[in-house]
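The next block holds one structure in the form of structure tokens; read it before the comments.
Residue numbers (the working numbering): 7 to 102.
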């Protein structure tokens, strides 16, 4: 089973104005959620993750190790929202 490490940062604020600021910094808003677990809002640098996501998104047995500060969360991609005609990811959903 393949594991890929992704560096991320917490984001405490949500809403369209904050999301626009994140995207201007070339970051992707994302969420990690699971059954009976607290949702974790994160942001990930677009350039660091884009090639990894495109390369492995179709494979079912790929786990992403999301490193936030010193904490590592093992998760899988649940949903990817892409821009209709630009080569950009708009939002990611991870499940753990």
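Each residue gets a CB set at the ideal place from its N, CA and C atoms; glycine is no exception.
Query                                                                                           : Result
The stretch 24-32 touching the stretch 76-89, judged by at least three CB pairs closer than 8 Å : no
Given residue 8 as reference, the closest of 41, 59, 75 and 98 once Cα atoms are compared       : 59
Exposed unless 16 or more other CB atoms sit within 10 angstroms - verdict on residue 71        : exposed
Those residues which DSSP pairs with residue 70 across a bridge                                 : 10 and 81
Length of the line joining the Cα atoms of residue 101 and residue 12                           : 14 Å
Same chain, Cβ closer than 6 Å to residue 53, five either side skipped, listed in chain order   : none
Spatial distance of residue 30 from residue 73 (CA atoms)                                       : 22 Å
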